[in-house]
Amino acid sequence: MQGATPADRVGSRLGRHRLTDLLHSTSARAVYRAEEEDTGRLVLLMVLDDQVAAHPLVQERFELRMRQAADVLERHLVPLRSWGVVDGLLCAELGVLAGTGLRTLLEHEPLTPARAVAVLGDLAEAVDAAHSRGLAHLGLSPTVVVVGGDRTARLTDLGLSALLAEVGVLPDPADRSYRSPDQPPQVDPASSAAAALDVWALAALLHDCLTGIGPAAGPVRVPPRLATLVHRGVRGHRWTAATELARAAAAALADGDPAVVLRPRAVPLPEDVPPGPGRSWDDGGDLDATAYRSALPPTPPPAPGARRPARAAAWSAPVPGAVPGSPASGPSGPERPGPGPAPVTSAASAGGDLTPRRRGGAVAAGRARPSRVPLVALVLVALALLTTLAVGWLLVHPLSGAAPVPSGVPTASAPTPGSGPGTAASPAGDPGTEGPGAPPPLPAGATVCEPGGGPVGGLSGSAAGSSRTSCGFAEATRAGLGAEQDPFAVEEIEVTSPVTGEDYRLSCSAEDALITCTGGEAAVVLVW
Numbered sequence: 001m002q003g004a005t006p007a008d009r010v011g012s013r014l015g016r017h018r019l020t021d022l023l024h025s026t027s028a029r030a031v032y033r034a035e036e037e038d039t040g041r042l043v044l045l046m047v048l049d050d051q052v053a054a055h056p057l058v059q060e061r062f063e064l065r066m067r068q069a070a071d072v073l074e075r076h077l078v079p080l081r082s083w084g085v086v087d088g089l090l091c092a093e094l095g096v097l098a099g100t101g102l103r104t105l106l107e108h109e110p111l112t113p114a115r116a117v118a119v120l121g122d123l124a125e126a127v128d129a130a131h132s133r134g135l136a137h138l139g140l141s142p143t144v145v146v147v148g149g150d151r152t153a154r155l156t157d158l159g160l161s162a163l164l165a166e167v168g169v170l171p172d173p174a175d176r177s178y179r180s181p182d183q184p185p186q187v188d189p190a191s192s193a194a195a196a197l198d199v200w201a202l203a204a205l206l207h208d209c210l211t212g213i214g215p216a217a218g219p220v221r222v223p224p225r226l227a228t229l230v231h232r233g234v235r236g237h238r239w240t241a242a243t244e245l246a247r248a249a250a251a252a253l254a255d256g257d258p259a260v261v262l263r264p265r266a267v268p269l270p271e272d273v274p275p276g277p278g279r280s281w282d283d284g285g286d287l288d289a290t291a292y293r294s295a296l297p298p299t300p301p302p303a304p305g306a307r308r309p310a311r312a313a314a315w316s317a318p319v320p321g322a323v324p325g326s327p328a329s330g331p332s333g334p335e336r337p338g339p340g341p342a343p344v345t346s347a348a349s350a351g352g353d354l355t356p357r358r359r360g361g362a363v364a365a366g367r368a369r370p371s372r373v374p375l376v377a378l379v380l381v382a383l384a385l386l387t388t389l390a391v392g393w394l395l396v397h398p399l400s401g402a403a404p405v406p407s408g409v410p411t412a413s414a415p416t417p418g419s420g421p422g423t424a425a426s427p428a429g430d431p432g433t434e435g436p437g438a439p440p441p442l443p444a445g446a447t448v449c450e451p452g453g454g455p456v457g458g459l460s461g462s463a464a465g466s467s468r469t470s471c472g473f474a475e476a477t478r479a480g481l482g483a484e485q486d487p488f489a490v491e492e493i494e495v496t497s498p499v500t501g502e503d504y505r506l507s508c509s510a511e512d513a514l515i516t517c518t519g520g521e522a523a524v525v526l527v528w
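Sequential numbering of the sequence shown, starting at 1, is according to UniProt numbering.
1) Could you check what DSSP says for residue 508 in three-state terms: helix, strand or coil?
2) Look at the alpha carbon of residue 329 and the alpha carbon of residue 266, and state the distance between them as a whole number of angstroms.
3) Residues in its own chain within less than 6 Å of residue 48 by CB, not counting five upstream and five downstream?
4) Rounding to the nearest angstrom, what Cα-Cα distance links residue 480 and residue 519 in this structure?
5) Considering just the uninterrupted stretch of the beta strand (DSSP E) at residue 477, what are its terminal residues?
6) Classify residue 502 as helix, strand or coil using the three-state DSSP reduction.
7) Check each candidate in 241, 507, 40 and name the one with the smallest Cα separation from residue 490.
8) Do you know how far the Cα of residue 461 is from the Cα of residue 438?
9) On a Cα-Cα basis, can you pick out the residue from 128, 87, 174, 167 that is closest to residue 195?
10) Report the rounded CA-to-CA distance for residue 41 versus residue 35, giving the unit in angstroms.
11) What span of residues does the beta strand (DSSP E) with residue 24 cover, start to end?
12) If we cut at 9 Å on Cβ distances, does residue 74 have a partner in chain B?
13) Taking 8 Å as the cut-off, is the C-beta of residue 223 nearer than that to any heavy atom in the ligand MN?
14) Identify which residue in 27, 78, 259, 37 has its Cα closest to the Cα of residue 147.
15) Let me know the secondary structure DSSP gives residue 244 once reduced to three states.
16) Give the C-beta separation of residue 475 and residue 454 to the nearest angstrom, bearing in mind that I take them to be a contact with Cβ-Cβ under 8 Å.
17) Hey, could you find the ends of the beta strand (DSSP E) residue 530 is sitting in?
18) For the beta strand (DSSP E) containing residue 77, name the first residue and the last one.
19) Are there 16 or more other CB atoms within 10 angstroms of the CB of residue 161, so buried, or fewer, so exposed?
20) Just how far apart, CA to CA, sit residue 370 and residue 440?
21) Are the segment 182-191 and the segment 219-234 in contact at 8 Å, needing three or more beta carbon pairs?
22) In the DSSP assignment, what residue or residues form a beta bridge with residue 493?
23) Are the segment 98-111 and the segment 212-223 in contact at 8 Å, needing three or more beta carbon pairs?
24) By alpha-carbon positions, which one of 164, 190, 115, 513 ends up nearest to residue 131?
25) Kindly indicate which residue of 202, 254, 260, 27 has the alpha-carbon position closest to the one of residue 244.
26) Could you check which residue in 232, 503, 71, 488 has the C-alpha nearest to that of residue 82?
27) Determine which residues share a DSSP beta bridge with residue 66 and list them.
28) Closest to residue 263 by CA distance: which of 246, 524, 511 is it?
29) Nearest by alpha-carbon distance to residue 93: which of 504, 117, 16 is it?
30) Using CA atoms only, rank isn't needed, just tell me which of 85, 139, 498 is closest to residue 172.
31) Quick one: what's got a C-beta closer than 7 Å to residue 486's C-beta in the same chain, skipping five residues either side?
32) Would residue 192 be called buried (16 or more neighbouring beta carbons within 10 Å of its own) or exposed?
33) Give every residue of the same chain whose Cβ lies closer than 6 Å to the Cβ of residue 529, excluding the five residues on either side of it in the sequence, and list them in chain order.
34) Using only the alpha-carbon positions, how far apart do residue 469 and residue 496 sit?
35) The beta strand (DSSP E) that contains residue 232, what's its start and end?
36) Could you pull the DSSP bridge partners for residue 515 from this structure?
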């Protein structure tokens, strides 16, 4: 059945097998549950997409890459049993596995730090085993990871992903954020550079395991050293091996209580280019109800005043008719497009009006809401009159016990309960009153530092976020950030400690009005 969509093949015969279910599909391959007609044995068959399989280099090197992958025997790898051309299609039989796709798990909720590091450890063992046989994976993402009922993570698509990267076939849009920024269009899977690309992808994968992806993505609290390790990994730090990264993550996990906010990665939307040779976005077919769907990386927040476009149907590729630039979201399933819920377009794109709609019906035309301006004006006038009368009464009848204050003598306010040595005064002056120097909400255990000077670069205060961070170091960090053109855009900064006299490199991230910097010797600095 050449030219058929993955779902079209369900129920058909492929050699001596009958395809019973479509389990998973990408733009490059589909995985089916199949029954061997002679014996009734259930197997998993991976079938390459027709147009990908037609590439001359794919046909030339398919046998080589499959044989290399089959030679890698590691318990966290889904093995290859056989491969070849069946009824004109490039196929491979996989070892049977059961579990849930990691993408499905992460779109539901983030993993705990302990479980995320455990998943990383499983994958690192599989990746290093492949590297030792001269084969990089080059397609690491949540899409190719299956987590079993025993919580063991297993890796699929070894050999095939390397072949696709070697040929230059782009992965599906939802998986492109796991390609290193310096990855060339075509990669030799046997090179040391290819192995380094796998380690970078594992660091990005660890980050997303901690924060979740798609609809479940959000800031989480992690141990300081683990946050530093993740930031270093996705910003280009290279570990010599995948298991070295996993060991470093396990050590960082034992660093103490989660005290640092880790935010989801800022992943740009993929460009509207075909994911493979000759493939267009709208040639996907019907998809089985048991298959997975995946969401695009989240869009960056809209500019102030901008209208957020309506959300399109959930596919891993742009849906025809959907608002350009809007993310796909929804239930998890295959990464290739197909007919499903009709895409939702914004009224602006459809040429309609932008009248807001209420739950249960439209806003009645021509029915204006009553103006509250006269009522507000009356209240303000009454308050002003009462204030004037109160001030006049106090001038005529001073409070008993209050001595008159000679003109020109400065007054001193009595300390409020709780103020005094060891108690920080409100940065704004009056207790409980927020002002320009008032700190935003801080993590539990943070110690607000006495400012060593006035605001610097718009930054007015700092706090030590861990017991190993001194206020002197926090203030030095504030001064360093304040010297930058945009302190909230700084990702790394080098700070000299006034305590040790040594330089420390910190990784920084901003959330709302708070900048969090981590690094050095388990230092956590909060600046606002």
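Even for Gly, the Cβ is constructed at its ideal location relative to N, Cα and C.
Taking the geometry as given:
1) Here residue 508 is taken as the residue at index 508 of the sequence shown, counted from 1. Residue 508: strand per DSSP, three-state reduction.
2) Within the sequence shown, the letter at position 329 stands for residue 329. Within the sequence shown, the letter at position 266 stands for residue 266. At residue 329 the pLDDT is 35, less than 50, meaning the model places this residue with poor confidence; the figure from the coordinates comes in the next sentence. Each residue's Cα considered, the two are about 17 Å apart.
3) Walking along the sequence shown from the start, residue 48 turns up at place 48. Hits under 6 Å: 29, 90.
4) Translated into positions along the sequence shown, residue 480 becomes position 480. Translated into positions along the sequence shown, residue 519 becomes position 519. Roughly 15 Å between the two C-alpha positions.
5) The sequence position of residue 477 within the sequence shown is 477, counting from 1. Premise fails: residue 477 lies in the alpha helix (DSSP H), 471-482, not in any beta strand (DSSP E).
6) Here residue 502 corresponds to residue number 502 of the sequence shown, with the count starting at 1. Coil.
7) Here the question's residue 490 lines up with position 490 in the sequence shown. Ranking the options by Cα distance to residue 490, first place goes to 507.
8) Indexing the sequence shown from 1 puts residue 438 at position 438. Indexing the sequence shown from 1 puts residue 461 at position 461. Those two C-alpha atoms are separated by around 8 Å.
9) Walking along the sequence shown from the start, residue 195 turns up at place 195. It is 128.
10) Here residue 41 refers to the residue found at position 41 of the sequence shown. Here residue 35 refers to the residue found at position 35 of the sequence shown. Roughly 6 Å separates the two Cα atoms.
11) By 1-based counting over the sequence shown, the position of residue 24 is 24. Residues 17-25.
12) Protein chains in the displayed structure number just one, and chain B is not present.
13) As presented, the structure is devoid of all ligands, the ligand MN included, so that no description of it is given.
14) For the purposes of this step, residue 147 is identified with residue 147 of the sequence shown, where counting begins at 1. Nearest option by C-alpha distance: 78.
15) Taking the sequence shown and counting its residues from 1, one reaches residue 244 at position 244. Reduced to three states, the DSSP call for residue 244 is helix.
16) Mapped onto the sequence shown, residue 475 falls at position 475. Mapped onto the sequence shown, residue 454 falls at position 454. Their Cβ separation, rounded to whole angstroms, is 12 Å, which puts residue 475 and residue 454 out of contact at 8 Å.
17) Absent from the structure is residue 530, since the part of the chain shown begins at 1 and ends at 528.
18) Within the sequence shown, numbered from 1, the residue matching residue 77 stands at position 77. No beta strand (DSSP E) contains residue 77, which DSSP labels as neither H nor E.
19) Sequence index remark: in the sequence shown, residue 161 carries index 161 (1-based). Buried, since its Cβ has 16 or more Cβ neighbours within 10 Å.
20) As a position in the sequence shown, residue 370 is number 370, starting the count at 1. As a position in the sequence shown, residue 440 is number 440, starting the count at 1. Caution is warranted here: a pLDDT of 44 is assigned to residue 370, below 50, making its placement in the model unreliable, and the coordinate value is therefore given only provisionally. Straight-line Cα distance between these residues: approximately 37 Å.
21) no
22) To locate residue 493, count along the sequence shown from 1; it is residue 493. Residue 493 is bridged to 506.
23) yes
24) As a position in the sequence shown, residue 131 is number 131, starting the count at 1. Closest option to residue 131, Cα to Cα, is 190.
25) The count along the sequence shown starts at 1 and reaches residue 244 at position 244. Among 202, 254, 260, 27, the Cα nearest to that of residue 244 is on 202.
26) To locate residue 82, count along the sequence shown from 1; it is residue 82. Checked all of 232, 503, 71, 488; the closest Cα to residue 82 is 71.
27) Walking along the sequence shown from the start, residue 66 turns up at place 66. According to DSSP, which records beta bridges pairwise, residue 66 is partnered with nothing at all.
28) Taking the first residue of the sequence shown as 1, we reach residue 263 at position 263. The shortest C-alpha separation from residue 263 is found at 511.
29) What you label residue 93 is simply residue 93 of the sequence shown in a count that begins at 1. The shortest C-alpha separation from residue 93 is found at 16.
30) The sequence position of residue 172 within the sequence shown is 172, counting from 1. It is 139.
31) One-based indexing of the sequence shown puts residue 486 at position 486. There are no such residues.
32) As a first step, residue 192 must be located in the sequence shown, where it is residue number 192. So residue 192 counts as exposed.
33) Given that the chain is displayed from residue 1 to residue 528, the structure contains no residue 529 and the question cannot be resolved.
34) On the sequence shown, residue 469 is found 469 positions in, with the first residue counted as 1. On the sequence shown, residue 496 is found 496 positions in, with the first residue counted as 1. About 13 Å.
35) Along the sequence shown, read from residue 1 onward, the residue named residue 232 stands at position 232. No beta strand (DSSP E) contains residue 232, which is instead part of the alpha helix (DSSP H) from 224-234.
36) Here residue 515 is taken as the residue at index 515 of the sequence shown, counted from 1. Its beta-bridge partners are 510, 527.
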